[in-house]
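Written below as structure tokens is the structure these notes are about.
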Amino acid sequence: MKNKIFLLGAMLLTLTMTSCHKDADVVVSYAAEDYLAFGEAEKSYAGKFRVFWKAMNTTYSLWDYEKECGLDWDEHYAKMLPKFEALDEPGVNVPDSVLEKLMKEMAAPLHDGHMAIQFKNHQTNKYVTVLPSTLRYSERDYIDEAYGFKPYLATYASQFSEWKEVNTTIKGQFTYMMTTPGIGYQWAKNRYQTLSQKSNATEADAMEIEGLKAFIEEMTKISKKGITDETLALYNELTVRYDYLDIPYLESIDPAFDNAGIDLKYFLTQDGIAYLYLSGFALSPYLRDEYFANTFTNPTAHTQALAARVKEVWQSWFNSIQTLHKAGTLKGVIIDVRSNPGGLTNDGKYVLGSLLPKGDLQYGWSRMKRGVGRYDYSPMLPMNMFTMEEDHEVVDDVPVAVLANSYSVSMSEMTSLSSKRMENARLIGRRTFGGLCSLTSNADFESNYTGHIGVKGKTPVYVYLPAIAIFDMDKHALEGIGVEPDIEVGLDTEMFALKGIDAQLERALEYVRTGK
């Protein structure tokens, strides 16, 4: 009898250890290209769904929130699996459009604002991607206000005592080279026309004409295709090939600007309002030497000059606030994060955090996945906006306006939430996108049981998945919802397009000037 009890105990212990080991292996393997985790998804649509469902079941950080929103994950499995199994029936042709439609149905109930789901269609050998957030976002009434928005400041230039801009995005650099008179493409066209009209052209002129003609033709082709990784490589090749033509501002563009590029605008009004617009939170690579070195590993003189220009524009905004606040003449501050998709959290200290006291500002709560169970979460931890460590003016006695719209995402939403913690600040515009959860690398997967599922472009299932769930000060999730403005005002797109009148900026100026 004693031996039987011992044997039974040993078997139970073995089963327990095997079960724990299996779960741990499965969780860790979802972060890598592991056949044991992704093998069933290689040649089966149902296998892809099962891998997605199981991986999400153990790694997603918002299951309690999804349940509150009405999603039963087990019921969703029972509903969707037969539909994917039907695609596996013999002789069924599955074009990418059919797979995409079913993936959209699969993803539609999920609220995470950053999530991107990618399945490899083994019939076409192409990757199909859906984003739950765009499905939800498309239902909003005023999305046209935010799509492709950039502020147009010339309308208000008569109010400015200072105005500076810089655009280091790849598209911005290329557009500047193509459209600005006296440099780049426009210079080459004028030079070609001038030389072609010479009645006594020399042999050297003829060679230059031939080179300019070829350059213009190739640049026109690239411009029509638009800037992609491929066309950027072609453009950079042309800058070397036609270097002998001495075309002003024909400079290669560092591919690192794809992530680090920023459109930055600053103005100071005559009555002391300091405005800053940033297209993304990518200031740190320009303001911190160590960030610059990690971002631009082999910077050219052109890259360094652009970086210096970004620093100059930001510094002008910051210096104006410091000088005017010390003198008691600062009327207010406007920070514009409309259509800003987010970026580096460290940037917080250079934007809203440069107005706040040292020591960071709590704007909400966060938690991580800390076990393989669906609801195994860490305790709630404070989520803070970084503030500037260096000595600076604390701007808590004049109005501060943060401008946001429905395509203000991630770090823009953290900035928006933080502004609600300031008595002198107001969030103005439209409800933000609803994608606050923070991203991290798969290096954190082993400790937090979450991270990207699979490897993009390699595993048959890949999910771009935030690791840290973020909540407001009341511990409410805002994923798929966004941050509500204190003062809601839309953008009259027709007036903006025809006359450059920016109703949201005008409302921010009104609040700063009147406090109302």
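At position 154 of the sequence shown (counting the first as 1) the number is 154 in the numbering used here, and the numbers step up by one without a gap.
For every residue, glycine included, the Cβ atom is placed at its ideal position computed from N, Cα and C.
1) Please report how far the alpha carbon of residue 139 lies from the alpha carbon of residue 419, in whole angstroms.
2) What residue range is occupied by the uninterrupted beta strand (DSSP E) comprising residue 117?
3) What span of residues does the beta strand (DSSP E) with residue 321 cover, start to end?
4) Can you grab the Cα-Cα spacing for the pair residue 349 / residue 170, in whole Å?
5) In three-state DSSP terms, what is residue 439?
6) Give every residue of the same chain whose Cβ lies closer than 7 Å to the Cβ of residue 136, excluding the five residues on either side of it in the sequence, and list them in chain order.
7) Per DSSP, residue 366 is paired with what?
8) When you compare each of 471, 263, 363 and 225 to residue 387 by their alpha carbons, which one comes out closest?
9) Skipping 5 residues on each side, what residues in its chain have a beta carbon closer than 7 Å to that of residue 43?
10) Tell me which same chain residues have a C-beta within less than 6 Å of the C-beta of residue 410, skipping the five on either side of it?
11) Going by alpha carbons, who is nearest to residue 88 out of 284, 48, 503 and 77?
12) Counting only runs that start and end within the region 120-174, where is the beta strand (DSSP E) found for 3 or more residues in a row?
13) Hey, residue 335 and residue 313: beta-carbon distance below 8 Å or not?
14) Only counting the same chain, and skipping five residues up and downstream in sequence, which positions put a Cβ closer than 7 Å to that of residue 365?
15) For the beta strand (DSSP E) holding residue 514, just list the boundary residues, first then last.
16) Give the range of the alpha helix (DSSP H) segment to which residue 101 is assigned.
17) Name the DSSP bridge partner or partners of residue 275?
18) Since residue 488 sits in a beta bridge, which residues does DSSP pair it with?
19) Going by beta carbon distance, what residues of the same chain come within less than 6 Å of residue 94, once the five residues before and after it are set aside?
20) Please state whether the Cβ-Cβ distance between residue 112 and residue 132 is less than 8 Å.
21) Shorter than 7 Å, the distance from the beta carbon of residue 433 to the closest heavy atom of the ligand MN, or not?
22) Determine the burial state of residue 36: buried for a count of at least 16 other Cβ atoms within 10 Å of its Cβ, exposed for fewer.
23) Give a yes or no on whether the C-beta atoms belonging to residue 367 and residue 469 are separated by under 8 Å.
24) Looking at the structure shown, is residue 404 part of a helix, part of a strand, or coil, going by DSSP?
25) Rounded to the nearest angstrom, how far is the Cβ of residue 273 from that of residue 332, given a contact under 8 Å?
26) Taking all protein chains shown into account, do 16 or more other C-beta atoms lie within 10 angstroms of the C-beta of residue 482, making it buried, or fewer, making it exposed?
27) In the structure shown, what three-state DSSP assignment does residue 46 receive?
28) Please name the residue or residues paired with residue 461 in a DSSP beta bridge.
29) If you draw a straight line from the C-alpha of residue 125 to the C-alpha of residue 119, how long is it?
30) Tell me whether residue 290 is buried or exposed, calling it buried when 16 or more other Cβ atoms sit within 10 Å of its Cβ.
31) Rounded to whole angstroms, how far is the Cβ of residue 433 from the Cβ of residue 416, which I believe are closer than 8 Å?
32) For residue 255, count neighbouring C-beta atoms within 10 Å of its own C-beta (all shown protein chains included) and say buried if the count is 16 or more, exposed if not.
33) Just the Cα atoms here: how many angstroms apart are residue 516 and residue 319?
34) Can you tell which of 207, 154 and 84 has the C-alpha that lies nearest to the C-alpha of residue 501?
35) Just to confirm, are residue 389 and residue 358 a CB contact at a threshold of 8 Å?
The answer reads as follows:
1) In the sequence shown, counting from the first residue as 1, residue 139 sits at position 139. In the sequence shown, counting from the first residue as 1, residue 419 sits at position 419. In a straight line, the C-alpha of residue 139 is about 27 Å away from that of residue 419.
2) Counted from its first residue, the sequence shown places residue 117 at position 117. Counting along the chain, the beta strand (DSSP E) containing residue 117 begins and ends at 116-121.
3) In the sequence shown, the residue the question calls residue 321 occupies position 321. It is not in any beta strand (DSSP E) - residue 321 instead sits in the alpha helix (DSSP H) that spans 301-327.
4) By one-based count along the sequence shown, residue 349 stands at place 349. By one-based count along the sequence shown, residue 170 stands at place 170. Their backbone Cα atoms lie some 25 Å apart in a straight line.
5) For this step, residue 439 is matched to residue 439 along the sequence shown. Reduced to three states, the DSSP call for residue 439 is coil.
6) What you label residue 136 is simply residue 136 of the sequence shown in a count that begins at 1. Closer than 7 Å at the Cβ level, and outside the excluded window around residue 136, lie 480.
7) Position 366 of the sequence shown, counted from the start, is the residue given in the question as residue 366. Answer is 381 and 470, bridged to residue 366.
8) Along the sequence shown, read from residue 1 onward, the residue named residue 387 stands at position 387. The shortest C-alpha separation from residue 387 is found at 363.
9) Taking the sequence shown and counting its residues from 1, one reaches residue 43 at position 43. These residues qualify, in order along the chain: 122.
10) For the purposes of this step, residue 410 is taken as the residue at position 410 of the sequence shown. Answer for residue 410: 342 and 435, listed in chain order.
11) Here residue 88 corresponds to residue number 88 of the sequence shown, with the count starting at 1. Answer by Cα proximity: 48.
12) 126-130 and 160-167
13) Position 335 of the sequence shown, counted from the start, is the residue given in the question as residue 335. Position 313 of the sequence shown, counted from the start, is the residue given in the question as residue 313. Their beta carbons are not under 8 Å apart, which means residue 335 does not touch residue 313 by this criterion.
14) For the purposes of this step, residue 365 is taken as residue 365 along the sequence shown, with counting starting at 1. Here the set comprises 380, 381, 382, 383, 471 and 475.
15) Looking up residue 514 in the sequence shown gives position 514. No beta strand (DSSP E) holds residue 514; the alpha helix (DSSP H) holding it covers 503-514.
16) Translated into positions along the sequence shown, residue 101 becomes position 101. First-last of the alpha helix (DSSP H) with residue 101: 96-107.
17) Residue 275 sits at position 275 when you count from the first residue of the sequence shown. Note: residue 275 sits in a beta bridge opposite 267 and 334.
18) Looking up residue 488 in the sequence shown gives position 488. According to DSSP, which records beta bridges pairwise, residue 488 is partnered with 429.
19) In the sequence shown, residue 94 corresponds to position 94, counting from 1. Same-chain partners within the cutoff: 87 and 123.
20) As a working mapping, residue 112 is identified with position 112 in the sequence shown. As a working mapping, residue 132 is identified with position 132 in the sequence shown. Yes, the pair counts as a contact, with Cβ atoms nearer than the cut-off.
21) This structure lacks the ligand MN, and indeed carries no ligand of any kind.
22) Reading the sequence shown from its first residue, position 36 is the one you call residue 36. Under this definition residue 36 is an exposed residue.
23) Translated into positions along the sequence shown, residue 367 becomes position 367. Translated into positions along the sequence shown, residue 469 becomes position 469. Result yes, Cβ atoms of residue 367 and residue 469 sit closer than 8 Å.
24) The count along the sequence shown starts at 1 and reaches residue 404 at position 404. The answer is strand: DSSP assigns residue 404 an E or B state.
25) Counting from 1 along the sequence shown, the entry for residue 273 is found at position 273. Counting from 1 along the sequence shown, the entry for residue 332 is found at position 332. Yes, residue 273 and residue 332 are in contact; Cβ-Cβ is about 5 Å, under 8 Å.
26) Your numbering for residue 482 matches position 482 in the sequence shown. Looking at its Cβ environment, which holds 16 or more other Cβ atoms inside 10 Å, residue 482 is buried.
27) Taking the sequence shown and counting its residues from 1, the one referred to as residue 46 is at position 46. Three-state DSSP puts residue 46 in a helix.
28) Reading the sequence shown from its first residue, position 461 is the one you call residue 461. Its beta-bridge partners are 119.
29) The sequence position of residue 125 within the sequence shown is 125, counting from 1. The sequence position of residue 119 within the sequence shown is 119, counting from 1. Going by the C-alpha atoms only, they are around 10 Å apart.
30) For the purposes of this step, residue 290 is taken as the residue at position 290 of the sequence shown. Exposed, since its Cβ has fewer than 16 Cβ neighbours within 10 Å.
31) Against the sequence shown, residue 433 aligns to sequence position 433. Against the sequence shown, residue 416 aligns to sequence position 416. Not a contact, Cβ separation roughly 10 Å.
32) Within the sequence shown, the letter at position 255 stands for residue 255. The residue in question, residue 255, is exposed, as its Cβ has fewer than 16 Cβ neighbours within 10 Å.
33) On the sequence shown, position 516 is the one that residue 516 refers to. On the sequence shown, position 319 is the one that residue 319 refers to. C-alpha separation (whole angstroms): 26 Å.
34) Here the question's residue 501 lines up with position 501 in the sequence shown. Out of 207, 154 and 84, 154 has the C-alpha closest to the C-alpha of residue 501.
35) Reading the sequence shown from its first residue, position 389 is the one you call residue 389. Reading the sequence shown from its first residue, position 358 is the one you call residue 358. Going by C-beta atoms, residue 389 is nearer than 8 Å to residue 358.
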